[in-house]
Amino acid sequence: MNQVAEGMFPPSYSEATGQHASLGGGLTFVDFLPKCLTSGGVFSTPAFEPFRCLVYRANDWLREHPEWEVKTCESVEFKTNSEIINTERMTYFEISDASTRLVKSLRMWLVPRADSTRPPQQIQYQDLVPQQTGHAGLFGMPTFETLHQVLERYNYECRSKSAPGRVLTIETQEMKIPSCSTFNPERTFWCEPGGRSKHYVFLVRVFFEIHLTGYGILEEIGVADFVPQSLSTGRIFCTPQFETFSTLIEKASNWCAQQMSLRFCNAQSIEIKLKSGRAMVDTQRSCYTEHAERSTFFVRILRVAYAKTPRSSASLEGLPPSCGPLSPPLQLKCKTFIPGQLTRGFLVPEFESLGAMKRRVEAWIAATGQCSSGEFRNCRDAIVCRRRCSTGRRIVIYLQRVAE
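My numbering applies: residue 21 is where the sequence shown begins, and numbers increase by one.
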């Protein structure tokens with residue numbers, strides 16, 4: 021097992037300053053889209069680069085722009101009708117009976133580097149795919165490891181083989197699987213046929229900041245889920261009501277303020293399938309089916325991802341670790357940006373572009389001087405019904421402050 025030499029890995033900004041917020045408040049992002057390798061025909065679909073090629077290009081970009089530092093990474097989906105990907109459009113229409121083509125890109129959230137003399141930052145990733153634990157029945161779906169089991173398997177492996185560097189982001193991804201035996205997390209293009217049930221698996225993608233000297237770093241990872249409480253049960257003509265997302269942010273902030281032995285990595289909103297007739301939300305389930313013949317309801321949760329040293333693994337309620345520095349108490353806030361509607365009338369309205377929203381986000385960050393990380397998510401209600409819908413995009417900025 022590789023050992024980390026004292027002082028070999030450059031300290032992060034948070035470790036060097038004892039603060040969680042980024043220096044200067046210059047949070048922005050850059051996207052890397054997969055290139056089309058072959059055009060689709062009448063009976064075939066286009067082929068695009070695998071996801072690892074996007075990471076290669078991202079590292080080339082970082083070498084050319086050493087003044088920027090990666091804060092977090094995320095995988096972003098765009099709807100497309102051809103080899104040309106329109107990333108500026110902030111709305112799209114999903115029809116349950118029609119096919120939907122999607123392309124996955126890599127988005128890096130960046131901040132200005134505090135020390136421009138350091139070598140350019142480089143990133144790497146590892147996919148944690150849940151293993152199948154049971155076979156499918158005649159009409160069912162096989163069972164998979166739970167989220168907890170996936171993370172524990174990774175942590176166990178890290179004790180004998182350290183990670184390639186410091187953990188940047190622990191991202192939960194929803195990926196469609198055409199069948200239970202074929203699952204490729206590297207693919208960046210797929211087609212969701214309409215009128216048929218769809219099977220999904222949640223995988224975990226861990227992004228790292230590579231340690232350029234070749235030494236790894238021993239860190240375990242974990243997540244804390246904050247689920248909205250049910251306020252009212254659903255009836256025949258109405259859906260159940262749940263707490264708002266801002267309530268989840270408040271709960272997460274109170275929890276984060278107690279976790280002095282954990283290193284905050286990122287926050288993420290995730291849609292979890294709500295079983296019919298049940299108010300219980302199972303955030304540990306790694307797979308689900310979206311049925312074509314009936315509506316599927318989802319509840320949006322907040323997932324906080326963190327890293328920790330193994331010696332502090334028992335310190336999850338604000339107790340100090342047995343040794344090592346403590347992190348200052350952390351408060352978590354968020355700011356949501358929704359695309360502005362530009363036109364009104366009987367026709368399909370036009371909305372603000374991604375570029376215009378990005379300029380708004382950057383202006384707000386420059387004015388407030390606050391930033392941490394961001395995410396790009398579909399804009400639906402807190403409880404979601406997927407059937408036929410016009411979907412908008414939103415940018416959520418998560419803010420970290422040292423609790424007073």
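All C-beta atoms in this analysis are idealised placements derived from N, C-alpha and C, irrespective of residue type, glycine included.
As for any beta strand (DSSP E) of minimum length 3 sitting wholly inside the stretch 81–138, the runs are 88–99, 111–114 and 120–132, ordered along the chain.
Contact annotation: A325 and N286 have beta-carbon atoms nearer than 9 Å. Remark: C-beta atoms of L268 and F222 do not approach each other more closely than 9 Å. In this structure, T92 places its C-beta atom within 9 Å of the C-beta atom of L188. Per the coordinates, the alpha-carbon of Q279 lies some 15 Å from the alpha-carbon of E270. Assigned with DSSP and collapsed to three states, M195 falls in strand. Looking from the CA of R320, the closest CA among N101, T303 and C307 belongs to T303. In the DSSP secondary-structure assignment, K218 is bridged to E310. If you ignore the 5 residues before and after R83, its C-beta comes within less than 7 Å of the C-beta of P140, all in its own chain and listed in chain order.
Selection P86, C73 and V247 evaluated against V131 yields P86 as nearest (Cα-Cα). For Y176, there are no CB contacts under 6 Å within the same chain when 5 residues up- and downstream are skipped. In the three-state scheme derived from DSSP, where H, G and I count as helix and E and B as strand, L232 is classed as coil. The C-beta separation of Y220 from K196 comes to about 6 Å, placing the pair in contact by the 8 Å criterion. In chain order, P150, Q151, T153 and S306 place their CB closer than 7 Å to the CB of E165, counting only its own chain and leaving out the 5 sequence neighbours on each side.
C-alpha of E239 to C-alpha of F228: approximately 11 Å in a straight line. For T65, there is no enclosing beta strand (DSSP E), as DSSP marks it with neither H nor E. In the DSSP annotation of this structure, V381 is not part of any beta strand (DSSP E); the continuous alpha helix (DSSP H) holding it starts and ends at L374 to T388.
As summarised for the stretch 232–303, the continuous alpha helix (DSSP H) elements at least 4 residues long and confined to that stretch are 265–276, given in chain order. Going by C-alpha positions, Q261 is about 32 Å away from R380. Taken atom to atom, the span from the alpha-carbon of V368 to that of L47 is near 33 Å.
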